[in-house]
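Heads up: the sequence shown begins at 4 in this note's numbering, then just goes up one per residue.
Ideal Cβ placement from N, Cα and C applies to all residues, glycine included.
Okay, so here's the structure we're looking at.
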Amino acid sequence: MLDISKAEHKFLSQTLDIPISTLGDIAVTAQGFKSYIPFDFIISRQIPTADPQRLPDHCSQLPPSAELGAVFVDESSGKRYAQPSINYELRALVGISTQDEDAVIAVESILPIIIIPHTEEFPPTSTHDFPTEFKELDSKFLRLSIFGRPTGTMSISMREPQPLSYNSSSIYAATEAQLDLEFSTPDVGDAVLILQVMKITVHPLIRSKTFYGVESFPRLPSQTLVGVHGQTRMRDDIIRLPRKELSHLQWQFKYDLEGRSHGGSEVSPPSYTVDDSVASQNRPSTETQSQSQPQAPNGRWIATIRHPIRVESSLLPTFCSAIAARLYTIILHLKVSGIRRESFNLEVPLQVINVSPNGLRDDADVFNHTILGPTISDPPLLDRRSSATSWFSDESLPGGKSTGHAQADASIRQLIETARQSQSQMGLPAHPYGAAGNGGKSWNAGRRELSGSGGVLWRDI
4 MLDISKAEHK FLSQTLDIPI STLGDIAVTA QGFKSYIPFD FIISRQIPTA
54 DPQRLPDHCS QLPPSAELGA VFVDESSGKR YAQPSINYEL RALVGISTQD
104 EDAVIAVESI LPIIIIPHTE EFPPTSTHDF PTEFKELDSK FLRLSIFGRP
154 TGTMSISMRE PQPLSYNSSS IYAATEAQLD LEFSTPDVGD AVLILQVMKI
204 TVHPLIRSKT FYGVESFPRL PSQTLVGVHG QTRMRDDIIR LPRKELSHLQ
254 WQFKYDLEGR SHGGSEVSPP SYTVDDSVAS QNRPSTETQS QSQPQAPNGR
304 WIATIRHPIR VESSLLPTFC SAIAARLYTI ILHLKVSGIR RESFNLEVPL
354 QVINVSPNGL RDDADVFNHT ILGPTISDPP LLDRRSSATS WFSDESLPGG
404 KSTGHAQADA SIRQLIETAR QSQSQMGLPA HPYGAAGNGG KSWNAGRREL
454 SGSGGVLWRD I
């Protein structure tokens, strides 16, 4: 059974009296006359909501045009539905009358418009408000073998990285995820041996979560909202990035200086690295330990991994509105080998922003593109989750060698060129708004009404 739900919000409505003096290129033919009516309008940056206190300010912004998931076309009307579809259209209702007749002839025309607003970076997400959404720290006991005793505790943590930034001409974006590793053990000799032979393989994923519904979100959208609010849906997709194998990390031993301050002054902790050429010589024997090191030093081994995140396609920016939202996270699945295998799983927020060409947010330049053409969809490198299995499982990892990046079918630049060609073929002006007119003056021979609307549509199968 096909269940189609639809929500429309009219955010712009204006009525103009068009004076005859503004009509241009009047052509009289046997079928009648043809003329162009110039007008101008302003697209609001925000959509008013009934309860503005329910969601943050950035959740009242105009969402970008998008068509996600499988598309269903209604044969009777030609309308397209997806899960979800966010589309905008300019609807012009023209009423023509004459001074001698009371009757008004009304004609209507609808023109699709693509909107990609410029966005800005917001403060990092407060992950404590979403305890089940993210995982910034993972800890495991490490063993040399499956039957060996625990030799120490490995902790790996990650924080929200810098955003992926796009502009009107970019077809890829890159950022860097920083991993902080910490290994604690009472046996320095065991630590040197483990850190020398340990290898780490990083499997990175970018997770895309799209929330949508016909009713306003009762609060900021999240995975828990889907379960408690029956009108909210979520698309769960991933982008697989190339894996990377790391070995021979630069480890440093950092002493625990608690209780060792001298007169309140700070003491710089001594540190030393584990080098492969001397690692085997650095492991002291039991006799040497008892003579030269009667008490093991208090401290921990630390290392840092800076893993590049590069997406070879254009992505929708992070956005949040009353009935639709797009959020991203970075998932790092780390496998430790060389000793008894262990896996570490981390997931942190990620912002995707769309900046203006000059890198600044200008109130007069809110939209990246407002054009005619095909609706923007996700690149083909996105994968839907086919089961309830966690993204942390091996099912989410590519088998064998890394598959690398999948290429998107069309970049934003190609999309703009396609739209411009469509405008040229339709005889439309190059500027998406048309030419500016002198609206507001009276004209007895005619009256034009302009309205705009946008909506979110989807289908359930």
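Taking 9 Å as the cut-off, decide whether the C-beta atoms of E345 and K143 are in contact.
Within the sequence shown, the letter at position 342 stands for residue 345. Within the sequence shown, the letter at position 140 stands for residue 143. Result yes, Cβ atoms of E345 and K143 sit closer than 9 Å.
Mind checking whether P164 and Q181 have CB atoms under 9 Å apart?
Mapped onto the sequence shown, residue 164 falls at position 161. Mapped onto the sequence shown, residue 181 falls at position 178. Yes, these two residues count as a Cβ contact at 9 Å.
Determine the burial state of G35: buried for a count of at least 16 other Cβ atoms within 10 Å of its Cβ, exposed for fewer.
Here residue 35 refers to the residue found at position 32 when the sequence shown is read from its first residue. G35 comes out exposed.
What does DSSP give as the partner residue(s) for Q181 in the beta ladder?
Along the sequence shown, read from residue 1 onward, the residue named residue 181 stands at position 178. Looking at the DSSP assignment, Q181 forms a beta bridge with R309.
Given a cut-off of 9 Å, decide if L244 and S209 are closer than it, judged by their beta-carbon atoms.
Residue numbering aside, residue 209 sits at position 206 when the sequence shown is read from its first letter. Residue numbering aside, residue 244 sits at position 241 when the sequence shown is read from its first letter. Here residue 209 is Ile; the residue named in the question, Ser, does not match the sequence. In contact: I209 and L244 (Cβ atoms closer than 9 Å).
Check for me: the alpha helix (DSSP H) holding A194 runs from which residue to which?
Sequence index remark: in the sequence shown, residue 194 carries index 191 (1-based). Where A194 is concerned, the enclosing alpha helix (DSSP H) stretches over 191–200.
How should E350 be labelled, buried or exposed, when 16 other C-beta atoms within 10 angstroms of its C-beta is the threshold for buried?
Indexing the sequence shown from 1 puts residue 350 at position 347. The residue is buried, with at least 16 neighbouring Cβ atoms inside 10 Å.
Taking the DSSP output, what are the residues bridged to A328?
Along the sequence shown, one-based indexing puts residue 328 at 325. DSSP output for A328 lists F214, C323 as bridge partner(s).
Decide if P189 is buried, meaning its Cβ has at least 16 other Cβ atoms within 10 Å, or exposed.
Taking the first residue of the sequence shown as position 1, residue 189 is located at position 186. P189 is exposed by the Cβ-count criterion.
Measuring only the C-alpha atoms, how far is P352 from I118?
As a position in the sequence shown, residue 352 is number 349, starting the count at 1. As a position in the sequence shown, residue 118 is number 115, starting the count at 1. Each residue's alpha carbon lies about 25 Å from the other.
Would you give the residue range spanned by the beta strand (DSSP E) that I356 belongs to?
Reading the sequence shown from its first residue, position 353 is the one you call residue 356. Its beta strand (DSSP E) spans residues 355–357.
Reduced DSSP secondary structure (H/G/I, E/B, other) of R74:
The residue you call residue 74 lines up with position 71 of the sequence shown. It should be noted that the sequence gives Val, not Arg, for residue 74. V74 falls in the coil class under three-state DSSP.
Taking DSSP as the reference, what is the three-state secondary structure of L206?
Translated into the one-based positions of the sequence shown, residue 206 becomes position 203. The question names Leu, but residue 206 in the sequence shown is His. Correct three-state label for H206: strand.
Given that a residue counts as buried once 16 or more other Cβ atoms are within 10 Å of its Cβ, and exposed if not, what is W112?
One-based indexing of the sequence shown puts residue 112 at position 109. Checking the sequence shown, residue 112 turns out to be Ser, not Trp. Burial call: exposed.
Is the distance from the Cβ of L311 to the Cβ of T178 below 9 Å?
Your numbering for residue 311 matches position 308 in the sequence shown. Your numbering for residue 178 matches position 175 in the sequence shown. In the sequence on display, residue 311 carries Pro and not Leu. A contact, by the Cβ cut-off of 9 Å.
Cβ of H131 within 8 Å of any heavy atom in the ligand PLP?
No copy of the ligand PLP appears in this structure; indeed no ligand is present at all.
Check this for me: beta carbons of A73 and Q86, under 9 Å apart or not?
Along the sequence shown, read from residue 1 onward, the residue named residue 73 stands at position 70. Along the sequence shown, read from residue 1 onward, the residue named residue 86 stands at position 83. Result yes, Cβ atoms of A73 and Q86 sit closer than 9 Å.
If contacts are defined as beta-carbon pairs under 8 Å, then S160 and E136 qualify, I think. What distance do you get, rounded to the angstrom?
Residue mapping note: residue 160 aligns to position 157 of the sequence shown, counting from 1. Residue mapping note: residue 136 aligns to position 133 of the sequence shown, counting from 1. Your pair S160 and E136 does not check out as a contact, with CB atoms roughly 16 Å apart and the cut at 8 Å.
Beta-carbon separation (whole angstroms), S168 vs V358, contact threshold 8 Å
The residue labelled residue 168 in the question sits at position 165 within the sequence shown. The residue labelled residue 358 in the question sits at position 355 within the sequence shown. The Cβ separation is near 6 Å, so the contact holds.
Is the separation between the beta-carbon of D240 and that of S219 shorter than 9 Å?
For the purposes of this step, residue 240 is taken as the residue at position 237 of the sequence shown. For the purposes of this step, residue 219 is taken as the residue at position 216 of the sequence shown. Annotated as distal: D240 and S219, with beta-carbon spacing of 9 Å or more.
For P115, I'd like the list of residues in its chain whose CB is within less than 6 Å of its CB, leaving aside the five on either flank, ordered along the chain.
Counted from its first residue, the sequence shown places residue 115 at position 112. For P115, where only same-chain residues beyond five positions count, the Cβ hits under 6 Å are E92.
Look up Y169 in the DSSP assignment and give the residues it is bridged to.
The count along the sequence shown starts at 1 and reaches residue 169 at position 166. Looking at the DSSP assignment, Y169 forms a beta bridge with N357.
Determine the extent of the beta strand (DSSP E) in which S160 is found, giving its start and end residues.
The residue given as residue 160 occupies position 157 in the sequence shown. 155–161 is the extent of the beta strand (DSSP E) around S160.
Compute the distance between the beta-carbons of S148 and R303, then report whether it is under 9 Å.
Position 145 of the sequence shown, counting from 1, holds the residue named residue 148. Position 300 of the sequence shown, counting from 1, holds the residue named residue 303. No. Outside cutoff.
Tell me whether L335 sits in a helix, a strand or coil according to DSSP, three-state version.
Stepping through the sequence shown from its first residue, residue 335 is reached at position 332. Here L335 sits in strand by DSSP.
Residue span of the beta strand (DSSP E) that contains D240, given as start and end
Along the sequence shown, one-based indexing puts residue 240 at 237. 236–243 is the span of the beta strand (DSSP E), which, as asked, contains D240.
Please report the straight-line C-alpha distance between S336 and S171, rounded to a whole angstrom.
Taking the sequence shown and counting its residues from 1, the one referred to as residue 336 is at position 333. Taking the sequence shown and counting its residues from 1, the one referred to as residue 171 is at position 168. Note that residue 336 is His in the sequence shown, not Ser. If I take the Cα positions, the gap works out to 32 Å.
Cβ-based burial, Q253 [other Cβ within 10 Å; buried from 16]:
What you label residue 253 is simply residue 250 of the sequence shown in a count that begins at 1. Exposed.
Taking the C-alpha atoms as reference points, what is the distance between A176 and S316?
Taking the sequence shown and counting its residues from 1, the one referred to as residue 176 is at position 173. Taking the sequence shown and counting its residues from 1, the one referred to as residue 316 is at position 313. One Cα belongs to A176, the other to S316, and the distance between them is close to 8 Å.
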